[in-house]
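Quick notes on the structure that follows.
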Amino acid sequence: MTIQPPHATEIQAGRLKRLYRLTRICELCPRRCRARRFQGETGICEAGKLPEVSSHTLHFGEEPPISGTRGSGTIFFTHCNLRCVFCQNYPISHLGHGAPVTVKTLSEMMLPLQARGAHNINLVTPTHYTAQIAHAIVLARRKGLTIPIVYNTSGYERVETLKLLEGIVDIYMPDIKFATRETGKRYARASDYFTVTRLALLEMHRQVGDLKLDEEGIARRGLLIRHLVLPGRVSETREILRFIAEEISPRTYVSLMSQYFPAYRASEFPDLSRRLRREEYETAKGFLREFHLDFGWTQEMN
Ligand code: SF4
Numbered sequence: 004m005t006i007q008p009p010h011a012t013e014i015q016a017g018r019l020k021r022l023y024r025l026t027r028i029c030e031l032c033p034r035r036c037r038a039r040r041f042q043g044e045t046g047i048c049e050a051g052k053l054p055e056v057s058s059h060t061l062h063f064g065e066e067p068p069i070s071g072t073r074g075s076g077t078i079f080f081t082h083c084n085l086r087c088v089f090c091q092n093y094p095i096s097h098l099g100h101g102a103p104v105t106v107k108t109l110s111e112m113m114l115p116l117q118a119r120g121a122h123n124i125n126l127v128t129p130t131h132y133t134a135q136i137a138h139a140i141v142l143a144r145r146k147g148l149t150i151p152i153v154y155n156t157s158g159y160e161r162v163e164t165l166k167l168l169e170g171i172v173d174i175y176m177p178d179i180k181f182a183t184r185e186t187g188k189r190y191a192r193a194s195d196y197f198t199v200t201r202l203a204l205l206e207m208h209r210q211v212g213d214l215k216l217d218e219e220g221i222a223r224r225g226l227l228i229r230h231l232v233l234p235g236r237v238s239e240t241r242e243i244l245r246f247i248a249e250e251i252s253p254r255t256y257v258s259l260m261s262q263y264f265p266a267y268r269a270s271e272f273p274d275l276s277r278r279l280r281r282e283e284y285e286t287a288k289g290f291l292r293e294f295h296l297d298f299g300w301t302q303e304m305n
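If you use the working numbering, the sequence shown corresponds to residues 4 to 305, in order.
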């Protein structure tokens, strides 16, 4: 007797079930709060039962292969599981600006973005709603969604959860923020950030590989990593870039950002209460050269 492999829709149904199970007594992310999300409890991220959305629109400010010429169909989710003290989007991630939507409504946000020409659906801060988002994508795919799905995350992810997104996400676009236990603890109460995020990025790369662009330079599939250089922490930037080059792939597209400014509670931390210095960013760019990370982008400093 030949055993038939399971059909793709059966695989997806099984994965959705497991994602919902992980949300019910929530262990979706490395915080593993065990909040009973469907019974009104919230964990560290403050997310409840329904996904909350702050905005859904075409966005032109992402990296060139993501925004392209027609924009990235960006859906910005409320709340966050990492909650950095310097968050540049704190009204959405910390203060909860946004409104709850059903899974059906979320799926119905995607097709109009595609109809307006979006190159992709860009899910910003999706981690705490992974189950509902994956469900919405499956519904939207059935109704004709064909553009790639971008998973735009802080990087603080569980490998177990990411494995359930295999075949659903096309492009992973994680940040990698800190490289020491002390910094993760001080700025995000996540001393395990670097340990956990390294494993998460390796899993993302295993699923989708290096970033692949089409003939117009638009991303179709793969991994694109962002790193915001923090004031006084350039040595951590070096360790992060070394990890990317030596343990993921020297062909990784890296977006090295200089745009840090003190936001939210940053002024409470003397080391965070200034902008990045030009010489710090130049040093960081030197690390890109040192590790031969030739693909990606840097920013101009004013
Ligand atoms: S997603 Fe939210 S509730 Fe669930 S484990 Fe993470 S922080 Fe806790």
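The C-beta atom is built at its ideal place from N, Cα and C for all residues, glycine as well.
All values derive from a computational prediction rather than experimental measurement.
Chain-order list of residues whose beta-carbon lies under 7 Å from that of residue i (same chain, five-residue window excluded)
{"i": "ASP246", "result": "The displayed chain sequence assigns Phe, not Asp, to residue 246. Answer for PHE246: ARG201, listed in chain order."}
{"i": "GLU30", "result": "ARG37"}
{"i": "ALA182", "result": "PHE197, GLU239, GLU242, ILE243"}
{"i": "ARG268", "result": "VAL88"}
{"i": "THR26", "result": "ARG40, ALA134"}
{"i": "HIS100", "result": "SER57, THR81, PRO94"}
{"i": "ALA143", "result": "SER110, MET113, LEU114"}
{"i": "TYR190", "result": "CYS87, VAL88, PHE89, PHE181"}
{"i": "SER270", "result": "SER276"}
{"i": "ILE28", "result": "ARG37, ARG39"}
{"i": "GLN42", "result": "none"}
Proximity below 8 Å, CB of residue i to CB of residue j
{"i": "VAL394", "j": "ILE78", "result": "In the structure displayed, the chain extends from 4 to 305; residue 394 sits before or after that span and is not available."}
{"i": "CYS32", "j": "THR186", "result": "no"}
{"i": "LEU227", "j": "LEU214", "result": "yes"}
{"i": "HIS230", "j": "ASP274", "result": "no"}
{"i": "VAL104", "j": "TYR159", "result": "no"}
{"i": "GLY46", "j": "ARG34", "result": "yes"}
{"i": "MET260", "j": "GLN302", "result": "yes"}
{"i": "ARG73", "j": "GLY120", "result": "yes"}
{"i": "ALA137", "j": "LEU168", "result": "yes"}
{"i": "GLY76", "j": "ILE124", "result": "yes"}
Reduced DSSP category for residue i - H, G, I as helix; E, B as strand; rest coil
{"i": "ARG278", "result": "coil"}
{"i": "GLU283", "result": "helix"}
{"i": "MET260", "result": "strand"}
{"i": "TYR175", "result": "strand"}
{"i": "HIS62", "result": "strand"}
{"i": "THR108", "result": "helix"}
{"i": "LEU202", "result": "helix"}
{"i": "HIS230", "result": "strand"}
{"i": "TYR23", "result": "helix"}
{"i": "TYR154", "result": "strand"}
{"i": "PHE79", "result": "strand"}
{"i": "ALA137", "result": "helix"}
{"i": "ILE243", "result": "helix"}
{"i": "GLY51", "result": "coil"}
{"i": "ASP297", "result": "coil"}
{"i": "VAL127", "result": "strand"}
{"i": "ALA248", "result": "helix"}
{"i": "PRO94", "result": "helix"}
{"i": "GLY74", "result": "coil"}
{"i": "ARG145", "result": "helix"}
{"i": "ARG292", "result": "helix"}
{"i": "GLN16", "result": "In the sequence on display, residue 16 carries Ala and not Gln. Of the three classes helix, strand and coil, the one that applies to ALA16 here is helix, per DSSP."}
{"i": "GLU169", "result": "strand"}
{"i": "GLY225", "result": "strand"}
{"i": "LEU85", "result": "coil"}
{"i": "LYS215", "result": "strand"}
{"i": "PRO103", "result": "strand"}
{"i": "ARG192", "result": "coil"}
{"i": "ARG119", "result": "coil"}
{"i": "ALA209", "result": "Checking the sequence, you will find Arg at residue 209 rather than Ala. The answer is helix: DSSP assigns ARG209 an H, G or I state."}
{"i": "ARG39", "result": "strand"}
{"i": "GLU303", "result": "coil"}
Other residues of its chain near residue i: CB distance less than 6 Å, five sequence neighbours each side excluded
{"i": "ASP173", "result": "PRO151, ILE152, ARG224"}
{"i": "GLN15", "result": "VAL141"}
{"i": "GLU206", "result": "VAL162, LEU165"}
{"i": "ARG184", "result": "SER194"}
{"i": "LYS180", "result": "none"}
{"i": "LEU157", "result": "In the sequence as presented, Leu is not what sits at residue 157; that position holds Ser. LEU85, ASP178."}
{"i": "GLU283", "result": "VAL237"}
{"i": "GLU49", "result": "HIS82"}
{"i": "ASP217", "result": "ARG223"}
{"i": "ARG192", "result": "none"}
{"i": "LEU98", "result": "none"}
Contacting residues, own chain, Cβ-Cβ under 8 Å from residue i (five flanking each side not counted)
{"i": "GLY220", "result": "PRO67, PRO68, GLY71"}
{"i": "ARG278", "result": "PRO234, TYR263, PHE264, PRO265"}
{"i": "ARG280", "result": "PRO234"}
{"i": "VAL232", "result": "THR240, LEU259, MET260, SER261, TYR263, LEU279, GLU283, TYR284, ALA287"}
Cβ-heavy atom distance, residue i to the ligand FMN, below 7 Å
{"i": "VAL106", "result": "The ligand FMN is not part of this structure, which contains only the ligand SF4."}
Q) Are the segment 18-25 and the segment 121-130 touching by the rule of at least three beta carbon pairs closer than 8 Å? A) no
Q) Residues with a Cβ closer than 5 Å to any heavy atom of the ligand SF4, in chain order? A) CYS29, LEU31, CYS32, ARG34, CYS36, ALA38, GLY46, ILE47, CYS48, ASN84, HIS131
**Q.** At least three beta-carbon pairs within less than 8 Å, the segment 293-300 to the segment 247-264
**A.** yes
Q.
I want to know whether the segment 106-126 touches the segment 45-64 - three or more CB-CB distances under 8 Å.
A. yes
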